[in-house]
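These protein sequence lines are chains A and B, in that order.
Throughout, the numbering used here is defined as the position within the first sequence, counted from one, plus 1043.
Throughout, the numbering used here is defined as the position within the second sequence, counted from one, plus 20.
Presented below is the structure to which this report refers.
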Amino acid sequence: MEAPPAIPDKIASLREALARPGLAKPVARASLGHEAVDDVLQGGLARGALHEVFAAPGHEASATGFATGLALRLAGDKPMLWIGQSFAAREYGAACPAGLLEYGLDPSRLIFLALSKMQDGLRAAGDALTCASLGCVIIEIAGNPKLLDLTASRRLVLAAAEHGVSILLLRLGAEAEASAAETRWLVKAAAQVPQDENDWGHPVFDVSLVRHRQGRMGQWVMAWSCDNGRFETAKAAAGPVVSLSSDRQAEAA
Amino acid sequence: MIAEKAQNALRLSAVDKFARSLGLYVGQPLANARAMVPELEVVPANPKADAALLSQLADWCDRFTPVVALAAPDGLILDMAGAVHFFGDEADLLARICDELLQRRFSVQAAIAGTALAAHALARHRAGLIVPEGREAEAVSPLPIEALQLDAVTTHAFRRAGLKTIGQAASRKRSEIVARFGASTLAVMDEALGLGSGRPINPRKPAPDYWETQGFAEPVVTETVIRAALQEIAQQLCAVMVQEGVGARRLEASFFRADGAIRSIAVESGAPVRHVGVIDRLFHERLAALADPLDPGFGFDLIRLAASRVEKMQEVMITLEADAQAEAEIAFLVDRLAARFGREQVLRFQPQDTHEPERSWATTPAQEPATSAFTWQVIRSDAEAPRRPLRLFTPPEPVTVEEAPPRLLWRKAARGLTRWEGPERLASPWWRLQGPEPNTRDYFRAEDDTGRRYWLFRDLSREPSQWFLHGMFA
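Listed below in structure tokens is the structure:
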């Protein structure tokens, strides 16, 4: 509590950065564990950046799981801030510590901020991004609030980059819109190929990378290994492929 | 003129100066007074309003010291220890209090002495006196014995014994006083005479451990100036706390408006603080988040910063361990969020010793230390999917489950179920049973044809049993 934010240090590092024009800071990346995805991401998901996880309609829990997996990969062993929204809790259920534990996230690492106003959530996220000891901020955003415009997302991007804290926007019931995000993922559940009757295996996602500032996009079916804490390859069952309207919108954005 | 019913007759309970000059006195029967002054203006006594006014006045006196006690029905005791220097010396202080009260059209009698009782007695009988420390006996001796505010019987007994002043009573042997009037009476006399430290007064609000005040000749209005002033006060307060080796977990800033209105705003912290930057930041957050913003009106003429819930605190080394530094940063973030959004919104989860789904964790303010004696228990086995959902519905949502073909009807949509697993029977332990029926649930994990996974239960305590959706898995 005693230590003030090291402002002189920050100024020094900014000076240093200015003195070397053209030399961009090397981006710290967190491997997801899934080889093909890591390949497209050029090694992994950028830390100190803004990433958006969109839930396909009705697949909010899967998006929550995918975002939690990303957060675990991004945060290392640092604590996380989860900003929950009361409307999202009513509509899609509230983040459940017992479930997060089973998923591989120790709830003791989590600070949970329960808010009802979007404005407060963005403000809190901006504040939290200045705390370099935080590994990751996850913010639930239900619908398409006007407040979260391009300016607001740029502000978050800058704050994230400055202190190297990653931020995940968990977009529930939302349509894709313009943003300054580094990556945007569209997530829905994927049906499993059970080995036998009792095989109740790890969660499987059908994930599309629909926006990537640095490169290629793609679509994969991956499983989250709760045992190893990483994404792995998985096969989806040959079932009916549900067409989701937000696919097209996300691609258009 | 105020009258009140006492001893079965309407009697005067308060008289103003003019009435006193006409020979009226408190306790006089109203009929008697009316006979003397037929055009008497009488108002019925209203003790409730009097008490409210006194309490309002006590609030206002907060500007002189945070330790204000009521001496009902018409007195206030201010503990000025450590606060006099803000106003010059004691004479300046007394003059200022009297002046300001007079300006507000109160008639006031005040005195300063080393013990509350001595000051109280002097204020009523020799107003304006400032008794230097240790000279209480001299000042109090000439006062009538009533000034001790003993009960009527004891006072009467003193008078019967011919002891009409405090001085006369004090001239008797202590043993005689104890034998005749009891040890408690002697203690009261000692207090009035300034022997010993006196009983502590009973302040209206708990006294802070440390406080600093700053007055402004020119009331401050703008946010920037207020923030700078608060910072300056924090600097002084922190200097004191550093000297004492403590930090505060609660800080309260009081803003005294020139027109008498007072606004107090508190911030709390998970760990003791005594750093100006931290205090400044917390108040900045709190002030910015006020639903009802600080209204300076024509300006604040006094700001006080009080520290309470102080704890011993080690001087932190500059070369902090990385872990401790990170922990401190997180604690500071939690404090800032709590200052802005309220401490009940910034939460942490703590494990509990039960498998009951809704009771297996507790949610507590993150500012409070983690106290749980239990550890988190993973229920699933290796290579198995989670047995608890990521998103939980509170309360569980009623659904319909059809068996052939297996379908889940929820929120007006049907979902074809491809597989399910269970049951896992979860029942409330018998000691928490509320009704006659045990609260027993059979939980199932189910997957639909799009791969979505549901946490369903059948409530067996209902007749017929009813299905609910409790949560969703990834």
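Yeah, the Cβ is synthetic: ideal placement off N, Cα and C, and Gly gets one too.
Taking the Cα positions, R1214 of chain A is about 13 Å away from W1125 of chain A. Per the Cβ contact rule, the stretch 54-65 of chain B is not in contact with the stretch 195-206 of chain B (fewer than 3 Cβ pairs under 8 Å). If you draw a 10 Å sphere on the C-beta of V1247 of chain A, you find 16 or more other C-beta atoms in it, and that means buried.
About 10 Å separates the Cβ atoms of R368 of chain B and T391 of chain B, ruling out a contact at the 8 Å cut-off. Counting C-beta pairs with one atom in each stretch, the stretch 151-170 of chain B and the stretch 130-139 of chain B have three or more that are closer than 8 Å, which means they touch. Contact of E349 of chain B with chain A is assigned, a C-beta pair being separated by under 7 Å. Look at L1172 of chain A: its C-beta is not under 7 Å from any C-beta on chain B.
Taken atom to atom, the span from the alpha-carbon of M209 of chain B to that of L149 of chain B is near 19 Å. Per DSSP, D300 of chain B is one residue of the alpha helix (DSSP H) stretching across 296-309. Below 8 Å, too few C-beta pairs join the stretch 242-258 of chain B and the stretch 104-123 of chain B to call them touching: fewer than three. Ranked by how close their Cα comes to the Cα of R270 of chain B, the residues B:A405, B:S284, B:E467 have B:S284 in first place.
Annotated as proximal: R1090 of chain A and S1209 of chain A, with beta-carbon spacing under 7 Å. At a Cβ-Cβ threshold of 7 Å, R294 of chain B and E1145 of chain A do not count as neighbours.
Classified as buried, L96 of chain B has 16 or more neighbouring CB atoms from the shown chains inside 10 Å of its CB. Contact of S380 of chain B with chain A by beta-carbon distance below 7 Å involves A1141. Within the stretch 1150-1168 of chain A, the residues whose Cβ lies closer than 8 Å to some Cβ of chain B are P1150, S1151, L1153, I1154, F1155, L1156, A1157, L1158, D1163, R1166, A1167, listed in chain order.
Taking all protein chains in view, the Cβ of M1265 of chain A is crowded by 16 or more other Cβ atoms within 10 Å, so the residue is classified as buried.
About 18 Å separates the CB atoms of G442 of chain B and F413 of chain B; that is not less than 8 Å, and the two are not in contact.
Taking a 10 Å sphere around the C-beta of A311 of chain B, we find fewer than 16 other C-beta atoms and assign the residue as exposed. If you check each beta-carbon in the stretch 354-370 of chain B against every beta-carbon of chain A, the ones closer than 9 Å belong to V354, D355, R356, L357, R360, F361, E364, Q365, V366, L367, R368, F369, Q370. Assignment of R219 of chain B by DSSP, reduced to helix, strand and coil, places it in the coil class. Measuring C-alpha to C-alpha distances from A39 of chain B to each of B:A91, B:V57, B:F488, B:P49 identifies B:V57 as the nearest. Going by DSSP, H490 of chain B is part of the beta strand (DSSP E) stretching over 486-493. By the CB criterion at 7 Å, L1211 of chain A and A1118 of chain A fall outside the cutoff. In the structure shown, the three-state DSSP call for M1123 of chain A is strand.
When beta bridges are read from the DSSP output, F1274 of chain A appears opposite A:W1267. In the DSSP assignment, K68 of chain B falls within the alpha helix (DSSP H) that extends over 67-81.
For K332 of chain B, the three-state secondary structure derived from DSSP is strand. Residues of the same chain with a CB within less than 7 Å of the CB of A291 of chain B, apart from the 5 flanking positions on each side, are A351 in chain order.
Restricting attention to A:G1186, A:L1075, A:C1139, the CA atom closest to the CA of F1130 of chain A is found in A:G1186. From the beta-carbon of M261 of chain B, no residue of chain A is found nearer than 7 Å; the closest lies around 12 Å away.
Here A249 of chain B is not near V260 of chain B, since their CB atoms are 7 Å or more apart. Runs of the beta strand (DSSP E) lying entirely within the stretch 1076-1113 of chain A and spanning at least 3 residues, in chain order: 1093-1098. Boundaries of the alpha helix (DSSP H) around D210 of chain B: 203-212.
For the set A:A1233, A:R1058, A:A1175, the Cα lying nearest the Cα of E1205 of chain A is the one of A:A1175. Residues of the stretch 1246-1279 of chain A that bring their beta carbon within less than 8 Å of a beta carbon in chain B comprise P1246, V1247, F1248, D1249, W1267, C1269, D1270, A1279, in sequence order.
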